[in-house]
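Peer 1:
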Amino acid sequence: MPIFGRVLTAMITPFGEDGQVDHEKAWNLARHLASHGSDGLVVTGTTGESPTLTEDEKVALYRTVVEAVAGRETKVVAGTGTYNTDESIHLSRRAAEAGCDGILAVTPYYNRPSQDGLIAHFRAVADATELPVVLYNIPGRTARLIEIETLKVLSDHSHIKAVKDAVMDIDFTSRTCAEVEGLEVYSGQDTYTWPMMAVGAVGVISVISHLAGPQVAAMVKAAAAGDVGRARDLHARLLPLGFACFLDPNPSPVKAALNALWEPVGNPRLPLVPSSEQTVAAIKDALTHL
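This is the structure:
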C-alpha cells in the first residue's frame with residue numbers, strides 16, 4: 317500500500333453559525349469519512365480554507381482530527397505549506413507535536429520562487445520534522461510548476477515521499493510516474509484520478525469523497541487491481557459529481573452539499589461565498605448516477 321493509503325479526503329473545515337470552527341462537527345466528519353472509504357484525511361489544505369484560518373485554529377483542528385481517528389488506520393496529513401518558509405516550518409513542527417502522520421506542502425504561491433528556490437524551500441520544510449512530506453504541485457493556483465527535474469532532486473530527500481499532482485496534464489503525470497523514482501503520485505483532481513492511475517498514480521486526494529467515499533474507494537481499488545472495466549465504469553459514474561463540485565470555487569459546492577445532504581457544516585469564510593441552489597441541484601443530480 318502507498319504510504320498514506322489510496323484515498324485521502326481533502327477535508328473541509330466546518331464552521332458554526334458564529335463563523336468559528338465547529339470542532340464537534342469536525343470530529344464527527346472525520347469519523348464519518350474514515351468509515352466511508354477514506355484511508356487518510358488532509359486537514360487545513362485549500363479545501364479546508366487554510367488561507368482564512370489562524371495558526372491556532374489550524375493546530376486545534378489537527379488535535380481534533382487526530383483524536384477523532386485515534387485507534388484506526390486512518391492517516392492525518394496536515395496542510396502546513398505557505399509562501400513563507402519559516403512559517404511553513406513552524407506550522408509543520410506544531411502539526412508533528414499535535415500527532416499528525418504527515419505534511420502536505422504546497423508550492424509557495426504569489427512570490428513565484430525559482431526552481432532552486434523551490435528545492436531550498438521544500439528541503440527546509442522536510443528537514444523540520446521526521447514526518448513524511450507530500451509535495452503539492454498545483455500551478456493553476458500557485459503560478460509556479462514544480463518541474464520534473466526539480467521533483468527528481470527533491471525525491472532524494474528521505475522525508476519527501478509523495479506528490480499531489482494537480483497539474484492537469486496527463487503527459488506531465490506520465491513523465492513524473494516514469495522518471496521520478498521513489499515518489500508516489502496522488503491525483504489532485506477528482507476527474508483525473510482514473511486516467512492518472514492508468515499511468516502510475518497510486519490514488520487520490522479527493523474532494524468528492526465527502527459525498528461518494530465508497531464509490532471513489534471502489535474505483536481506486538479497481539484501478540490499482542488492473543480491473544479496467546470496473547474502474548472505467550465507476551470513473552464515468554463519478555465524472556458528473558467531479559464537475560458539479562467545482563461549478564463554484566472549492567470548497568463552496570461541497571460545503572453546500574454537506575449542508576443539504578449530511579449535517580450543517582456552515583458557510584465558507586470570505587472571500588468565498590456560499591454556492592447557489594443551482595450548484596446544489598447539480599450535485600444532487602450527479603449523485604443519482606451513483
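For the sequence shown, the working numbering assigns the number 606 to the last residue and increments by one with no breaks.
For every residue, glycine included, the Cβ atom is placed at its ideal position computed from N, Cα and C.
Please read all numbers here as calculations on a predicted model, not as lab measurements.
Are the stretch 518-534 and the stretch 351-367 in contact at 8 Å, needing three or more beta carbon pairs?
Peer 2: Flag = yes, the stretch 518-534 and the stretch 351-367 touch.
Peer 1: Going by other Cβ atoms of all chains shown within 10 Å of its Cβ, with 16 needed for buried, is residue 501 buried or exposed?
Peer 2: Here residue 501 refers to the residue found at position 185 of the sequence shown. So residue 501 counts as buried.
Peer 1: Let me know the secondary structure DSSP gives residue 404 once reduced to three states.
Peer 2: Position 88 of the sequence shown, counted from the first residue, corresponds to residue 404. Residue state, collapsed to three classes: helix.
Peer 1: Please confirm if the stretch 426-441 is in contact with the stretch 365-384, defined as three or more CB-CB distances below 8 Å between the two stretches.
Peer 2: With a cut-off of 8 Å, the stretch 365-384 and the stretch 426-441 do not count as touching, because too few Cβ pairs lie within range.
Peer 1: Could you name the residues of the same chain whose beta carbon sits closer than 6 Å to that of residue 517, not counting the 5 residues immediately before and after it, in chain order?
Peer 2: On the sequence shown, residue 517 is found 201 positions in, with the first residue counted as 1. Cβ within range, chain order: 501, 503.
Peer 1: Suppose only complete runs of 3+ residues qualify. What are the beta strand (DSSP E) ranges in the stretch 516-541, listed by chain order?
Peer 2: DSSP runs (the beta strand (DSSP E)) wholly in the stretch 516-541: 519-522.
Peer 1: Taking residue 496 as the reference, give the member of 515, 338, 510 with the closest Cα.
Peer 2: Taking the sequence shown and counting its residues from 1, one reaches residue 496 at position 180. Selected option, being the one with the closest Cα: 515.
Peer 1: In chain order, what residues of the same chain lie with their CB nearer than 6 Å to the CB of residue 373, ignoring the 5 residues before and after it?
Peer 2: Within the sequence shown, numbered from 1, the residue matching residue 373 stands at position 57. Cβ neighbours of residue 373 beyond the five flanking positions: 337.
Peer 1: What is the residue span of the alpha helix (DSSP H) that residue 381 lies within?
Peer 2: Indexing the sequence shown from 1 puts residue 381 at position 65. Unbroken alpha helix (DSSP H) run through residue 381: 371-384.
Peer 1: May I ask you to verify whether the stretch 383-400 touches the stretch 335-350, counting CB pairs closer than 8 Å and requiring at least 3?
Peer 2: Judged by Cβ distances under 8 Å, the stretch 383-400 makes contact with the stretch 335-350, as three or more pairs qualify.
Peer 1: Taking residue 540 and residue 598 to be in contact with their CB atoms under 8 Å, please state how far apart those CB atoms are, rounded to whole angstroms.
Peer 2: By 1-based counting over the sequence shown, the position of residue 540 is 224. By 1-based counting over the sequence shown, the position of residue 598 is 282. So it is not a contact: roughly 30 Å between Cβ atoms.
Peer 1: Who pairs with residue 453 in a beta bridge, going by DSSP?
Peer 2: Within the sequence shown, the letter at position 137 stands for residue 453. The partner list for residue 453 (beta bridge, DSSP) reads 481.
Peer 1: Does residue 474 pass the burial test, meaning 16 or more other C-beta atoms within 10 Å, or should it be called exposed?
Peer 2: Walking along the sequence shown from the start, residue 474 turns up at place 158. So residue 474 counts as exposed.
Peer 1: Within 10 Å of its beta-carbon, does residue 565 have 16 or more other beta-carbons around it, so buried, or fewer, so exposed?
Peer 2: The sequence position of residue 565 within the sequence shown is 249, counting from 1. Exposed.
Peer 1: Look at the alpha carbon of residue 555 and the alpha carbon of residue 321, and state the distance between them as a whole number of angstroms.
Peer 2: By one-based count along the sequence shown, residue 555 stands at place 239. By one-based count along the sequence shown, residue 321 stands at place 5. Near 22 Å, if we compare the C-alpha coordinates of residue 321 and residue 555.
Peer 1: Please name the residue in 585, 606, 402, 590 whose C-alpha comes closest to that of residue 367.
Peer 2: In the sequence shown, residue 367 corresponds to position 51, counting from 1. Residue 585 is the option with its Cα nearest to residue 367.
Peer 1: For residue 464, is the classification buried or exposed, using 16 other Cβ atoms within 10 angstroms of its Cβ as the cut-off for buried?
Peer 2: Here the question's residue 464 lines up with position 148 in the sequence shown. Flag for residue 464 reads exposed.
Peer 1: State the DSSP-derived secondary structure class of residue 467, mapped to helix, strand or coil.
Peer 2: Stepping through the sequence shown from its first residue, residue 467 is reached at position 151. The answer is helix: DSSP assigns residue 467 an H, G or I state.
Peer 1: State the DSSP-derived secondary structure class of residue 425, mapped to helix, strand or coil.
Peer 2: Reading the sequence shown from its first residue, position 109 is the one you call residue 425. DSSP places residue 425 in coil when its eight states are reduced to three.
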